[in-house]
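Chains as they are written, first to last, in my numbering: chain A, 0 to 416; chain B, 26 to 232; chain C, 26 to 116; chain D, 71 to 1063.
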C-alpha cells in the first residue's frame, strides 16, 4: 500500500485495521543470487539498490536479531558530507545526494532534515584545517561556508562566548548537513526492498560459510539452516572481525564502544548539529525534543554495547563548556554501540581475498551518514564486481600499499580516529 | 652592569592568598599550606640494579627506600615511592641534592632533578578527606590509606604524588606534589572544592 | 572500569590509557614488509577474553598487559608488560 | 494570600505543620508545609489538573507519588534556574517555590493544541513515517518546524545555569540502594558485620514504603522501629546514609553513579555550596533494595485526572495528610490494592466501591466492605466519565457481562507491582518472568550486585526485612567482614494474591504510556505492521521513551503485544534497560569542568611576568602562551608581530619556550635507545652537542621532531614539540618497557623542571655576555653551533645553554630551574636593555620559522613522511628504527606525493591564507587537479610580503612554477610561485655566525 496522507485518512476510517506489514516476514529459500549478512541500514540499503538499480532481486538480507538492532538503531542520526580527503569527499557527497531523494525513492518518511551541521573552531590552526577541508568540499561541488565569530554568534547566540576556556572563533558550516530518523531509514529500506522481492530474514544468525573445493564461498550456514548464495556480502559493522574470522580473514579493524546520550524532551532549543572543536561534544535536537549528543569513543576494545562514566563525564563537560544553558537539562538515557574502527578511520568496501565474499566495514563512528551511499556502492560492487568510482579508494589492500585515507592523521591506532 | 636578582618564585606565588577562604563564620574545615623551596630528586634504578640500589640507598638514608607505594620518613628526608624501582628523595636545606646524592647513588641509579618541577601542598583538618574525595579517585579511608601510605595518582587529569604524613592534632595530614605548570590551575580547583568547608591558607618554608 | 595495577593497586579507568592488542610481537630488524604489515595493521579483535596494553600514565607510568573480556569488560589478570612486544630474536 | 488547603487532613502525616510554606503554581498562590512535595501540596489544595500530554494534549493529573511519574511534570523555578520536566511528585516544597505547567498554550485549562485530539484517528503510532513527504522541500520549511514546536515538553532556561555542581568519589564494602525495610535491614546487618556501608535514598525522608504503609516490626509500630534503626545506624562510624540521592547506574569494576540533590530543596544553593553532586561510588558489593513500582491497568479513560495509582493515593493520605479525593473507588487485581481502602477509611474518607478483577476477595475484606458499607464489584473498569476537573463517574463491566456505574471523585488503580529491575539489568542482564506475581524479577545482575525485598519480587514486609538482612550480611562477608550481624528484624508477610489483568477492552482511548500518549490500539497497529520485536514496538510507538523511561508502562505494553502476537510475555521479552535510572542534570556530570575551568590550564614559568608586560595569550593545548606583546599605538597584531620579528632579526629578542616537552634519557644504552626511536643516529653524538631528530610512528609516518642534546656519556636531554610532549613520553616508555626491555634506559619528564628561553638575533651574544659568568666562552669556537653544555650565570646560578636556532638567527636556548624562570625573564630584560631586547611571542616565532622553512604542526599532520617534509635524507639505512619498514610502502614513496615547498604570491601585495588549495594554473578547479594546499603562511617582514609553505604534488620538481591558489571559502583566487621553502638565509650563515 502506498503511504500518503490520503492512505492514512482512508485507513483512519477503518480504524487502521487494513495496514499491511511494513516488510514481508520472509522464510529463507535454498539459494539466492546475493546474500547480505547484516540487516542494518547498510545491508538493507545494499539490497534495495541491488533490486532497484541493478535489477538483482533474488536477494536475502540475514539479520541475527531484529533489523536495525545494531548501530543503525543506536547512533546520533547525523548526516553530512564535510570530509576533507580524496576518497571520502566524493563518496559522502554521493551519499548526501541519495539522502536528499530517499523519501521519494522509498515512499517512507525518514525525516531527513537538512538543518545544517557546524564544526566550531577555537584556534587559528583549527580554522586553517577547516579552511582546507571546506575548500576540498567546494572543489568537489559540496556546500561549505567558513563562518567568523560574528556569524557564529548570530546563528547560535546561546554558546558560551564570554568566559570560555577555549573561546569560539568561528565554524565550518555545511547547510545541507543535518539529521535523519535512524529507525525510519532501516524500516524505509526494508519496506521498499521487500516490495521489490528482497527477502528480509530476521532472527537468522550466520554461523559459518559454505565453501566449494576451490575455497569459493557458495553460501552461508545459519541458525535457520544452510542458504546458498552466488555472492555473499557482509555489512555487519562491529561484528566484522567475527564474521570475517569465519572465512579465515583478519582485518585492520578493532571494535570499540561509542556512547551516545539523549536528554529529556524540551521545546526547540538547538537549531542544527553543533560540534564543539575544543572538546568531545556534539549535539542536535530530535523532532521529539530530546537533545541527542555524544563525544569520543571510550577508547578500549569492546563488544559490550555499553560504556563507562569517564566518557559520559567528558562529553557533558564539553557540553557545559560550550553551552552552559544545558546545565539543568537532564540526561535521560545513555547507550553504546560497537564501532568497527579501522586503522585509518575510513571505510573498507571491497572484494576479499576469499572468492565470493565481499566486505563492507570499517565505518568507525560515521556509518549512519554513509547508509545510502554505502548501499549504493556496495550494490555496485556486488553486481558488477568492480568498485564504484566514488568508492575506489576504500580498497582493503590500501593498508598494505600505504594509500591510507587518514582524516585525523592518527595512524594505525583505531581508538584515536 | 645590571644588578641581577635570582629570587625563586613559586608557581603559586600569585594564586596563593594567605588567610581565610570560602565559607566564613565556621571553624575552617580545611587547612592548606604550600611548602616552598625544597629539593626533590627522582632516583631510578639502572637496568638490573634494583637490588644494588636498595643496598646503597639503605646505606645512604639509614632506612630502606620504599619498594611499594609508601612514604618513608628518615631523619632528614622523605623517601616517596614513585613507581617500580624508583623513588623520590624530598628534603630541605641542601641535604640531598643532585650533587650530594650522585656520589652515593649514581652507580646503580639514574638521578633526575625535580626540585623545580613540583609544588608541594599540605592538606589537613577535619574536612580534608571530604575535600580530597572531590579530586582523588583513590580510597583515603584511614584503613585504606594509613600514615605513610603514598600514591602516584591523578587529580583533575593531572599526575600527582600524594602521601599521608604524620597526624597533626589527631587529624590526618595529606601531602601533595603537583606539577609546577599545572599548580595554579589545580590550586583553584582545590579552593573550589574546599570553599564550602571554610579554608585556612598559608605557606611555609618548613615541612 | 577499575584496573588493579600490580604496583599501585586498584585504580580508576581515567588513570590509564589504552593502546591495543598485546598479542602481536614486533618483528625483528630485517623483517619483511608483509610481516611488519601484519604486526602493525591486522588484529584478531576478539569478542571475549583478550590481552591488551594499558599505560598507567596517571600513576606509576608502567605499561601493563591486561587480560580482559571484551564482551563483559571483566578483567582477569594484570601484569607488567615488560618485554611483551619485544622481537623474539632467533625464535 | 495563599488559598486554604481544602484537601488537607486535620492531623497525622509526616508534614511539619509548624512550618507553612507559600508557593505558586501557574501564577496562583498556594500554601503547603515543610515535608510536602509539590504534588502533595497541590493535592492538599485540591488541584487536579497539572499537565498536558505530549501528543494529544490531554488533560492529566498526578498519577504516582514517586520518580516514576509520567504526568505531573512542571517547569520548576524561573529565569536561569528554570528546570523543565520536573516531577512534581519528587520536588520538595520550599518557601517561594514557583512552578508552571508545560506543553500547553495559552493556559493549562484552555490548551489550543488539544485540538490534536480531533486528529487522533490519523495521529496513530508512526503516522509521520507515512506522510509529510511531498513536496520534499516542505519538510524543513513547513512540516518539521510545526512538529518540533508541538513536540518537546517543558522549556529549558535558554541561558547559562548559574549554579555550581561538583563530583566526588566514595568507597565502601557494601552499597545499598533504598532505605525501605529491605535496605535498612541490609544496612543493619552489613554495618554490624563491620563493613563500610553507603546507603543512598532517593527520597528526602528515610523509610521507603514504611512511611506510607506502616506495619509492625519486632513488635514495634513501623515509625518507632524506623527511628530506632536510624539511631543505631547513625552510631556506626562506617555507615553513611545519603538522602536525596539516587543510584542511577552501575559501571564496570563495581563503580556506581549516584546523584545527590544537595540543595534542590532550597530556593537556591547557599554561597560556596553546590546545587547537586555527582557521586562515583566504588563498592565491593551492592544490595539493590530500590523497591517496586505499582503498575496501572489499561482501560478507556485511564488518564483522566483523579485516576491515581492505589499506592500513591494512600501515600498522599498517610504520609502527606492530603486527600486526592473524598469518595474513592478502587480498581485492583491484587490484594495489595486494598490497603488503600484501609488507609482511606482510617482517614475518614469514603469508599465508593471496590472493583476487583479477581474471582475472589478475602473474607476479611469482604467483611470490611460490608461493615463500611461499600460494594465490592467483580469485574473491570471500562470507562471513566470526567475531564480536566477530575473523575465523576466510573463505568464497570461486571464479570458475566453486566454493567454498573460508580460515582466517585477519585479512582485508585492497582495492576500489581513491578520490581525496579533497572540497576540489575544495566549490564545487559535480562530479567526473568515470575508467574506468581506476573512480573519480571532481576536476573543476570552485574558482578557483586543482588536485589532484595520488593526489588527482588518479594513484596511482604517480613520478606523484605529478612531478605535485606541476609543480603547485607552476605555482602559484608563477601567483602571480608565477618562481624556478628545479630538477628534480622521480624514482621509478618502480607498475602499478595494477584490475577493478571493488563488491558480492559472498550471504547475510547486506553493509555499504556501516559506521557507519550501510546494507546493499546497503537500497540495493536504496530503488531499488524510487523513491529513485533519489543525494540521495534518501542521505537515505532515511542512506548517507554519518555522521561519516565516506561517505568509505569513498559510491562503493560509488552503484555498487550504478547497477547496480540500470540506469544507469552517472557517470549516477547523486554527492551534493553539503560541508565540513568532517573534523569540526571547534565551540569552534574560536568561538575567544575565548565566555562574557564573546563580544562586545566598550564602556565609557563614567566607567565605572570608576561601578563605584566601586557602580552596577548594564545591557547596551545592546555598552555597559555604569550602570542605577542602589543605596544601602545600599534594598530593590530600584525604591526606588533612585525615589530617583534624585525627586532629579533635586527638585534635581539627572547621567547619563553618552556612548553616544549623535555625528557631526561639516562642509562648506558641511552644512545642505542634513541637510535631505535629516531630515524637518524644519536649514539654517535658527541657529549656537549645537540642534534635535530625526527621520529616516526610504526606506520612510517612522521610523529614528532625536536633537538636532543648529549649532556653526558649516559645522559641525553630530549625535547619534543609542545603538542606531543605527553604522547611522546608515553611512546618512549612503551618502546623502553615493552619493545626494548634489554636496554639500560631510564626516562623522566623534566618539562616542568626547566624554564627555557630562546634568545635570538645578531646581538644574542652581547646580551648573554651580560648575564653569563665572564669565564664562559661563548665565541663561535668556544660554543659552536649545535653546542650544548652547562654554564654558570652571574650570581652563581647554573644554567644549561644550547646553541640551537629555530629563527635562523644567531641564537641560544637557555634553561634555568623553573622557579628562576620569572627572574630569568626579568634579568633578560635588564641584560638586554642596552641592546633593545624585545620579548617576542609565538606569532613572531611562527613567522621566523616559516621564513626559515622549518616544519611545524601544520606540516606534521600525521599523514606526511620524512621525505614529504624534505627530510628523507635523515632516514638512516644502517639501523632498524620505529617505522622504518612501513615507511617503505609503495604509496609512501610514490613520486607524486604532496611535499613541502615554499609559496609566494606573484602579486607582492597579496595576502596568503592557510587552507587554500593548489591547482595548476589555467585549469578549472576540480577533484582531478586538486594538487595540494597551503599549510602555513605569514607576512614576512624580511621579504616584505606574504609567504607560505604548502604541500604540493611533486612540489620539489616544480620550483619556479606558477600555480593557482584556490580558496572558494573566502572567495579568493590568485597565482603563487612555488619556491624553495627556505626564504631566509638559505645557506644558514646567520645561525652559524
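Glycine is no exception: its CB is placed at the ideal position from the N, C-alpha and C atoms.
Mind checking residue 976 of chain D: buried by the 16 CB within 10 Å criterion, or exposed?
-> The residue in question, residue 976 of chain D, is exposed, as its Cβ has fewer than 16 Cβ neighbours within 10 Å.
Delimiting residues of the beta strand (DSSP E) encompassing residue 780 of chain D = For residue 780 of chain D, the uninterrupted beta strand (DSSP E) segment begins and ends at 772 to 782.
Residue range of the beta strand (DSSP E) that residue 193 of chain B falls in?
-> From DSSP, residue 193 of chain B is part of no beta strand (DSSP E); its letter is neither H nor E.
Taking residue 45 of chain A as the reference, give the member of A/99, A/393, A/235 and A/165 with the closest Cα.
-> Closest by alpha carbon: A/235.
When A/146, A/90 and A/187 are compared against residue 66 of chain A, the one with the closest alpha-carbon | Taking only the C-alpha atoms, the option nearest residue 66 of chain A is A/187.
What does a CB cutoff of less than 7 Å around residue 205 of chain D pick up in its chain, not counting 5 residues either side in sequence?
-> None.
Could you confirm whether any beta carbon from chain A is found closer than 7 Å to the beta carbon of residue 72 of chain C?
-> For residue 72 of chain C, the answer is yes, since a Cβ of chain A falls inside 7 Å of its Cβ.
Rank D/956, D/818 and D/1023 by C-alpha distance to the C-alpha of residue 57 of chain C and give the top, closest one.
-> Measuring C-alpha to C-alpha distances from residue 57 of chain C to each of D/956, D/818 and D/1023 identifies D/956 as the nearest.
Leaving out the 5 sequence neighbours to the left and right, which residues in its chain are closer than 6 Å to residue 43 of chain C when beta-carbon positions are compared?
-> Once the five neighbours on either side are set aside, the close Cβ partners of residue 43 of chain C are 79.
Leaving out the 5 sequence neighbours to the left and right, which residues in its chain are closer than 7 Å to residue 15 of chain A when beta-carbon positions are compared?
-> Closer than 7 Å at Cβ, skipping near neighbours: no residue.
Of all Cβ atoms in chain C, is any one closer than 7 Å to the Cβ of residue 68 of chain A?
-> With 7 Å as the cut-off, residue 68 of chain A does not count as an interface residue toward chain C.
Okay, do the region 59 to 72 of chain B and the region 135 to 144 of chain B touch, 3+ Cβ pairs below 8 Å being the bar?
-> The answer is yes - the region 135 to 144 of chain B touches the region 59 to 72 of chain B, with three or more Cβ pairs under 8 Å.
Bridge-paired residues (DSSP) for residue 46 of chain B | Per DSSP, B/224.
Do the region 343 to 356 of chain A and the region 8 to 22 of chain A meet, that is, are 3 or more Cβ pairs less than 8 Å apart?
-> No contact exists between the region 343 to 356 of chain A and the region 8 to 22 of chain A.
How many angstroms separate the CA atom of residue 562 of chain D from the CA atom of residue 556 of chain D?
-> Whole-angstrom Cα-Cα distance: 19 Å.
Sequence-distant residues of the same chain with beta carbon closer than 6 Å to residue 222 of chain B, five excluded per side = Setting aside the 5 residues that flank it on each side, residue 222 of chain B is surrounded in the same chain by 54, 55 and 152, each with a C-beta closer than 6 Å to its C-beta; the list follows chain order.
Residue range of the unbroken beta strand (DSSP E) whose run includes residue 549 of chain D | Per DSSP, residue 549 of chain D belongs to no beta strand (DSSP E) and is neither H nor E.
Which whole-angstrom value is the C-beta distance of residue 354 of chain D and residue 499 of chain D, which I expect to be below 8 Å?
-> In this structure, residue 354 of chain D and residue 499 of chain D do not form a Cβ contact; the two beta carbons are roughly 19 Å apart against a cut-off of 8 Å.
Could you say if the region 140 to 157 of chain A and the region 638 to 657 of chain D meet the contact criterion of at least three C-beta pairs nearer than 8 Å?
-> Using a Cβ-Cβ distance cut-off of 8 Å, the region 140 to 157 of chain A and the region 638 to 657 of chain D are not in contact, since fewer than three pairs of beta carbons, one from each stretch, lie closer than that value.
Minimum C-alpha distance to residue 198 of chain D - residue among D/221, D/183, D/179 and D/181 = The candidate whose alpha carbon is nearest that of residue 198 of chain D is D/221.
Since residue 1035 of chain D sits in a beta bridge, which residues does DSSP pair it with?
-> Beta bridge pairing from DSSP links residue 1035 of chain D with D/988 and D/1044.
Report the rounded CA-to-CA distance for residue 141 of chain B versus residue 887 of chain D, giving the unit in angstroms.
-> The straight-line gap from Cα to Cα measures roughly 6 Å.
Separation of residue 210 of chain B from residue 103 of chain B, as counted between CA atoms | One C-alpha to the other measures close to 26 Å.
Residue 811 of chain D CB to nearest chain C CB: under 7 Å?
-> Closer than 7 Å: yes.
Contact set between the region 107 to 124 of chain B and chain D, restricted to residues whose Cβ is under 7 Å from the partner | Of all residues in the region 107 to 124 of chain B, none has a Cβ within less than 7 Å of some Cβ in chain D.
At 7 Å on the CB atoms, spell out the chain C contacts of residue 298 of chain A, in chain order.
-> Near residue 298 of chain A (Cβ distances below 7 Å), the residues of chain C are 43.
Can you name the residues of chain D whose CB is closer than 7 Å to the CB of residue 47 of chain B?
-> The contacting residues are 342.
In this structure, does DSSP put residue 116 of chain C in helix, strand or coil?
-> Bear in mind that the predicted position of residue 116 of chain C carries a pLDDT of just 40, short of 50, making it unreliable; the figure below should be weighed with that in mind. DSSP places residue 116 of chain C in coil when its eight states are reduced to three.
What span of residues does the beta strand (DSSP E) with residue 355 of chain D cover, start to end?
-> Counting along the chain, the unbroken beta strand (DSSP E) around residue 355 of chain D starts and ends at 346 to 358.
Taking all protein chains shown into account, do 16 or more other C-beta atoms lie within 10 angstroms of the C-beta of residue 674 of chain D, making it buried, or fewer, making it exposed?
-> By the neighbour-count definition (other C-beta atoms within 10 Å, threshold 16), residue 674 of chain D is a buried residue.
Chain C partners of residue 206 of chain B, CB-CB under 8 Å?
-> In chain order: nothing, as chain C lies at least about 17 Å away.
Take residue 75 of chain B as the anchor and find which of B/125, B/34, B/227 and B/91 has the nearest alpha-carbon.
-> Nearest to residue 75 of chain B by alpha-carbon distance, out of B/125, B/34, B/227 and B/91, is B/91.
Return the residue from the list D/117, D/717 and D/936 that minimises the CA-CA distance to residue 479 of chain D.
-> Of the listed residues, the one whose Cα sits closest to residue 479 of chain D is D/117.
By Cβ distance below 6 Å, which residues in the same chain neighbour residue 816 of chain D in space, the five residues on each side in sequence not counted?
-> Excluding five sequence positions before and after residue 816 of chain D, the CB atoms of its chain that fall closer than 6 Å to its own CB belong to 736 and 737, given in chain order.
Cβ of residue 179 of chain B less than 7 Å from any chain C Cβ?
-> Interface residue, yes.
Residue burial classification, residue 275 of chain A (beta-carbon count within 10 angstroms, cutoff 16) = Answer is buried; the Cβ neighbour count reaches 16.
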